[in-house]
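J.: Numbering of the sequence shown is given in full-length UniProt numbering, commencing with residue 1 and proceeding in unit increments.
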Amino acid sequence: MQTRYGVHFDHFKTYTTDQTREEFLVTGLLRAGEINLVYSHYDRFIFGGAVPTTQPLALPNDEALRAACFLERRELGILNLGAAGTVGVDGTDYHLERFDCLYVGRGSREVTFRSAHPGTPARFYLNSAPAHCPYPTTKFTQAQANRVELGSQETANERVLYQYIHENGIKSCQLVMGFTELLPGNVWNTFPPHTHERRMEVYLYFDLPEDQLVMHFMGQPTETRHLAVRNEEAVISPPWSIHSGAGTSAYRFVWGMAGENQAFTDMDAAPLASVR
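Below is the structure:
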């Protein structure tokens, strides 16, 4: 498990492209036959991927956690971005098709990942946050997720959000998780932009053709920078940063958050006139 530390926005203003990518961009999370995790010091958020092929994969208990098991003091959200697979939690199996989500509560001791067909593996994307109490392990299909339509064709940001783990969905301590898809002919996500000082966020861009990219914009609204992001790459968004993107092709992205609250409306809008 690699670690990413926090950065002050005054320091961020001086960053080169390479420094920005090194601190905030994460690649190689969803590799066949591996589990890869990143520990962010923003709200102690962990994110990563598990892609089981011929053998099951077990969620590791990294020494950095100083815990009896990974979920001793944590909760976990899992969204399947690939073919069918199974997540085992303390001896109980949960079958996940594409876009099914599983929440695993604090105190669960063993979590394993299997693909139904090794040649077309499941692609499990993981989000984890510290938890103060246990909530029951719960599965939602895409049909059970809360569907929210935002934006318009005229502003090229018409999109649909699928909310799984949130204040009115799967119950959690602080984890919020879902994904967004842009409708055909639209390119912008999360624009006009916002920040939320009470929460951090991670975006994982996916279903982006290999020869295309998303220009992801971050930084304070008056001090923006960009990252060129490819398929299945993630961006860490500090509380002080906007998190918007414009793609050269259709794409989707998973969003995961942790922090002081779970309110979808808890954001600080950045009027377009203030963005630089």
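The beta-carbon is built from N, C-alpha and C at its ideal position, and this holds for glycine as well.
What residue range does the beta strand (DSSP E) around Q220 cover?
T.: Unbroken beta strand (DSSP E) run through Q220: 214-220.
J.: Go through its chain and collect everything with a Cβ distance to K171's Cβ below 7 Å, but skip five positions before and after it.
T.: Excluding residues within five positions, the ones whose Cβ falls inside 7 Å are Y135.
J.: Around the Cβ of N189, are there at least 16 other Cβ atoms within 10 angstroms (buried) or fewer (exposed)?
T.: Looking at its Cβ environment, which holds 16 or more other Cβ atoms inside 10 Å, N189 is buried.
J.: Between the Cα of H166 and those of N80, A263, R114, spot the shortest distance and give me the residue it belongs to.
T.: Ranking N80, A263, R114 by Cα distance to H166 puts A263 first.
J.: Three-state secondary structure (DSSP) at L65?
T.: The answer is helix: DSSP assigns L65 an H, G or I state.
J.: CB G71 to CB F113, shorter than 7 Å?
T.: A quick correction: the sequence has Leu, not Gly, at residue 71. Their beta carbons are not under 7 Å apart, which means L71 does not touch F113 by this criterion.
J.: Let me make sure I understand the geometry here. Which of D100, R123, G88 has the alpha-carbon closest to that of R109?
T.: Here the closest residue by C-alpha is G88.
J.: Let's see if you can read the secondary structure: which residues bound the alpha helix (DSSP H) around F24?
T.: Looking at the DSSP string, the run of the alpha helix (DSSP H) that includes F24 is 17-24.
J.: If you count every other CB in all the chains shown that lies within 10 Å of the CB of Y164, and 16 or more means buried, which is it?
T.: Per the 10 Å Cβ criterion, buried.
J.: Do A50 and F124 count as a contact pair if the criterion is CB distance below 7 Å?
T.: The answer is yes: Cβ separation under 7 Å.
J.: When the distance is taken between beta carbons, is H117 closer than 7 Å to C173?
T.: Going by C-beta atoms, C173 is not nearer than 7 Å to H117.
J.: Taking the alpha-carbon positions, what's the G6 to K139 distance?
T.: So the alpha carbons of these two residues sit roughly 32 Å apart.
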